[in-house]
Structure formats: structure tokens, C-alpha cells
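Each residue of the sequence shown is one higher than the last, beginning at 1 in full-length UniProt numbering. Notes follow once the structure below has been shown.
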Amino acid sequence: MTDQPVLLVTGGSRGIGAAICLAAARKGWRVAVNYAANQAAADAVVSQIVAGGGEAFAIKGDVGNAADIVAMFEAVDERFGRLDGLANNAGIVDAQARVDEMSVERIERMMRINITGSILCAAEAVRRMSTRHGGKGGAIVNISSMAAIIGSPSQYVDYAASKAAIDTFTIGLAREVATEGVRVNAVRPGVIDTEIHASGGLPDRARDLAPSIPMQRAGTAEEIADAVLYLLSSEASYITGSILNVSGGR
Ligand code: NAP
């Protein structure tokens, strides 16, 4: 039985989540790589980790579906028999729209995946890691967004509101489990060069917004992963309920 810690990364197949998986494996975590649909991308992350001498496996599961979330954590139990960290990363945007143009279906999907999914994943993690439940402690890092501060007018205010909910959830859960060995923090990425912008219909968004960022460039997924790995690590042992902007000054 190895004592290497275990990290579950939701949305670990691409973008920021994939960078978190790879950085975690380099730091000695065993990694559960969740994905929604893109098995090839998840398998590629797993292969890269295994090629580097690490241990990882891919788990299909939609964080917008409560039964999938339960099954995903049970798969981690079965494979690794422990859980030490959760990177609550899976999230979506949608097409650019004004609030008065948004359908109820769009808004409900956004909130189900970005908010309800993150809360349910954190709850499953707390059930395993909290000393109240017989666990040995652990850390959760939620992925918020600078959109929570900026509001993203005329782009996706629904998305921004979902990330503001993640900020508040981070503070509340951190205080709720502070004496139970579980630290809960969040990272607010700024504009990061991933495929999420194309999924919202703006493939050049990261490049187009660069001049508006104080550092004059988009960030990389690896730069977000470094912040997440720090918050997951024992170097952040007195940090809980914190939300770290990683946004090039935006
Ligand atoms: P991305 O490149 O679009 O990757 C999204 C990842 O999430 C993929 O692995 C995808 O899986 C997975 N995913 C999507 N919906 C899912 C669902 N319902 N259940 C499980 N997994 C799901 O996105 P990203 O840019 O890396 O964003 C990651 C997080 O950072 C999100 O929470 C996002 O809001 C946040 N963020 C991003 C930026 C940015 O500029 N990129 C800025 C601020 C915050 P498949 O591969 O199977 O599709």
C-alpha cells in the first residue's frame, strides 16, 4: 500500500484541469482524471502521467448529474482507497449573450454544472476527508474566475454569477470544516489560453483581450495549475477560505 496522496480533478481532460493533473503527478500525487465526453483527451493525460512514472486513471462523469458524481467518487475509492485532494475545476461558459436574451434552459444548465456540480463534488470529498467522518484531512481547491468580480457584461453574466457563487461557497465551506482537517480555497483565473473560449464561440478571445490585461498577455493553464498545487500542498497549511487571483493584474 503506497502512501502517495490522491487527487481528483474534475474536468481533468483538457485546459486548466489537464495542467493540474500533470503538475500534480510531477509532485507525487496519484491522479483521478475526470472528463465529460472527450475520452481521448483524458486518456492522453493519463498516458503522459504514466509515461512519467506516475499513476492515474480516467473517469467519465458529468458534474451536472448527481448520480455521475457519486459514481465518480466511488471509482476513486475502488481504485485508490483514499482521497486527499479535490480540484473542483469542471466548468462551462456559453455563447455571448445579454441577460435579456438568455433562456431558462441555458441559465439552469450553467448553474447545474458550475455551482451544483461543484458543491456536490465538495460534499463527496468532505465525506471522505473530514475527520468528522473518520477521514485523515485534505484540501479542496475550487476554480472560480475573475468574472466573479468583473461581472462579464454583454458576454455571460450568468457564468460570472455562477463563479461568484463559487467564491461564497469557498468561504462558507472553509469555515464549516476548518476544525476537521480540510482546507478549502479557490483560484480566480483571469483570461487563460484554453479551448473554453472556442466553446463559447470566441476562439480568439484570449489573444483579443491581451491588450486589456495589465501584463499584456493571457495566462497559461500551467500558471493556474501552479497556484492550485500550492493551495493543495502543506506549504499552504494555514490558508483556508482564501481566493487567489491569478490574472496578470486584471
Ligand atoms: P476547457 O478547456 O473548456 O476544459 C473544460 C474541461 O471540463 C474539459 O476537461 C471538459 O471535459 C470538462 N467538462 C466540461 N463540462 C463538464 C461536465 N459537465 N462534467 C465534467 N467535466 C466537464 O476549460 P478551461 O478553460 O480549462 O476551464 C477550466 C475551469 O477554469 C472552468 O471552471 C472555467 O470556468 C475556469 N476558468 C477558465 C478561464 C479561462 O480563461 N480559460 C478563466 C477563468 C476561469 P471534456 O474534455 O470531456 O469535454
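Every residue gets a Cβ at the ideal spot worked out from N, C-alpha and C, and that includes glycine. All figures in this text were calculated on a predicted structure; none of them were measured in a lab.
Exercise. Any contact of the segment 166 to 178 with the segment 107 to 119, i.e. 3+ C-beta pairs under 8 Å?
Worked result: Cβ pair count under 8 Å is three or more, so yes.
For this session: Check each candidate in Tyr35, Ala23, Arg250, Gly81 and name the one with the smallest Cα separation from Gly61.
Result: Out of Tyr35, Ala23, Arg250, Gly81, the CA that lies nearest to the CA of Gly61 is found in Tyr35.
Problem set entry | Status (buried if at least 16 other CB within 10 Å, exposed otherwise) for Lys163 | Its Cβ being crowded by 16 or more others within 10 Å, Lys163 is buried.
For this session: Output yes or no for whether 9 Å exceeds the beta carbon distance between Val33 and Ala19.
Result: Taking a C-beta distance under 9 Å as the contact criterion, Val33 and Ala19 do not qualify as a contact pair.
Exercise. How about Asn89 and Gly11: are their beta carbons less than 9 Å apart?
Worked result: The answer is yes: Cβ separation under 9 Å.
Exercise. Exposed or buried, which one is Pro189 when buried takes at least 16 other CB atoms within 10 Å?
Worked result: Counting other Cβ atoms within 10 Å of its Cβ, Pro189 reaches 16 or more and is therefore classed as buried.
Problem set entry | C-alpha distance - Glu74 paired with Ser247, whole-angstrom precision | Rounded to the nearest angstrom, the two C-alpha atoms are 35 Å apart.
Exercise. Is the beta carbon of Val93 within less than 8 Å of some heavy atom of the ligand NAP?
Worked result: Flag set: Cβ of Val93 near the ligand NAP.
Exercise. With a CB to CB cut of under 8 Å and the five nearest residues on each side skipped, what residues in its chain are close to Ile239?
Worked result: Result list for Ile239: Arg183, Asn185, Leu231, in chain order.
Exercise. Among Leu8, Ser212, Ala95, which residue has its Cα nearest to the Cα of Met72?
Worked result: Taking the Cα of Met72 as reference, the smallest distance to any Cα among Leu8, Ser212, Ala95 is reached at Leu8.
Exercise. For Gln216, does the count of other Cβ atoms within 10 angstroms reach 16, so buried, or fall short, so exposed?
Worked result: With fewer than 16 other Cβ atoms from the protein chains shown falling within 10 Å of its own Cβ, Gln216 counts as exposed.
For this session: Figure out for me which residue from Ile150, Ala58, Gly85 has the closest Cα to the Cα of Asn245.
Result: For the residues Ile150, Ala58, Gly85, the minimum Cα distance to Asn245 belongs to Ile150.
For this session: In the DSSP assignment, find the beta strand (DSSP E) that holds Tyr159 and state where it starts and stops.
Result: Element bounds for Tyr159: not the beta strand (DSSP E) but the alpha helix (DSSP H), 157 to 176.
Exercise. Excluding sequence positions up to five away, which residues of its chain have a Cβ less than 6 Å from the Cβ of Arg250?
Worked result: Around Arg250: Met146, Gly190, Ile213.
For this session: Using 8 Å as the cut-off, classify the Cβ of Arg188 as near or not near the heavy atoms of the ligand NAP, replying yes or no.
Result: Short note on Arg188: C-beta closer than 8 Å to some heavy atom of the ligand NAP.
Exercise. Where Gln39 and Cys121 are concerned, what is the direct C-alpha to C-alpha distance, given to the nearest angstrom?
Worked result: Roughly 20 Å separates the two Cα atoms.
For this session: Report all residues from its chain with a CB closer than 7 Å to the CB of Met111; omit the five preceding and five following residues, and keep chain order.
Result: Hits under 7 Å: Ser162.
For this session: Tell me, please, which residues DSSP counts as bridged to Leu8.
Result: Residue pairing of Leu8 in beta bridges, as defined by DSSP: Ala32, Leu86.
Exercise. Closest Cβ-Cβ distance between Glu235 and chain B: below 9 Å?
Worked result: Looking at the structure shown, chain B is missing, and only one protein chain is on hand.
Exercise. Under the criterion of a Cβ to heavy atom distance below 8 Å, does Ser154 qualify as lining the ligand NAP?
Worked result: Exclusion of Ser154 from the 8 Å shell around the ligand NAP follows from its C-beta lying no nearer than that to any non-hydrogen atom of the ligand.
For this session: Indicate, with yes or no, if the ligand NAP has a heavy atom lying under 8 Å from the CB of Val191.
Result: For the ligand NAP, at least one heavy atom lies less than 8 Å from the Cβ of Val191.
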